[in-house]
Each structure stands twice: as structure tokens, then as C-alpha cells.
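Here the structure is laid out as C-alpha cells; the discussion comes afterwards.
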């Protein structure tokens, strides 16, 4: 936190890195400091909200899509009450 405060006081830009895949354009910043969160790479949990017909996945910022796929493939989901959109999303993740 001290580093963030010092950078802010000196107007030095800070780039937050997740898994450094480049998907969110922060793998290689143009100057400033980097806070790397790649060690924060766990899937925290998953749940389905029937009322919203949405599937929620909680992950840390450094988790890779491959890890999410592995996590989902190792779970048994009862999808009988799921809507088409949610079923399609799960199927799409399983195909990668």
C-alpha cells in the first residue's frame, strides 16, 4: 500500500497485471510501475442464481482461462433449471 501511496503522490502511473496474457492490454505497460497479481490465481467458487438465470464464478485476478475450464470440468452441475443462455455458456467453456 505504501508503494501505491508514493506513486500517487508523485503522479506515477500504476498498471495492475493479472495473468499477463495481454487480453486486457496490461501485460506490458508504457511506463510507470506494475503491480503484478499473477500469484493470485485461484478459482474461489461458483454458483448458479436461478432467479437471475445467471452463473456466477468468483476468481482471483491472476487466474488463467485454462484453470477456469479445468475447475468447471471437475464439477457436476445440475442444469435442469438453467436457461438456454447459461447452458450454452457452460457448454462453450467445456469445448475450449
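In this note's numbering, the protein residues as written are 1417 to 1512. Note that beta-carbon positions come from the ideal geometry of N, C-alpha and C, so glycine has one too.
C-beta atoms of residue i and residue j nearer than 7 angstroms
{"i": "residue 1399", "j": "residue 1502", "result": "An answer regarding residue 1399 cannot be provided, because it is not within the stretch 1417 to 1512 covered by the chain."}
{"i": "residue 1450", "j": "residue 1431", "result": "yes"}
{"i": "residue 1448", "j": "residue 1429", "result": "yes"}
Exposed unless 16 or more other CB atoms sit within 10 angstroms - verdict on residue i
{"i": "residue 1434", "result": "buried"}
{"i": "residue 1402", "result": "Shown here, the chain extends from 1417 to 1512; a query on residue 1402 therefore has no answer."}
{"i": "residue 1475", "result": "buried"}
Whole-number beta carbon distance between residue j and residue i, since they are thought to touch under 8 angstroms
{"i": "residue 1462", "j": "residue 1480", "result": "Wrong, their Cβ atoms sit about 16 angstroms apart, outside the cutoff."}
Secondary structure of residue i, DSSP reduced to three states
{"i": "residue 1492", "result": "coil"}
{"i": "residue 1462", "result": "strand"}
{"i": "residue 1473", "result": "strand"}
Any C-beta of chain D under 7 angstroms from that of residue i
{"i": "residue 1458", "result": "No chain D appears in the structure shown, which is made up of a single protein chain."}
Inset, instruction - Evaluate contact between the stretch 1488 to 1498 and the stretch 1449 to 1457, counting only Cβ atoms and requiring at least three cross-stretch pairs below 8 angstroms. - result: no
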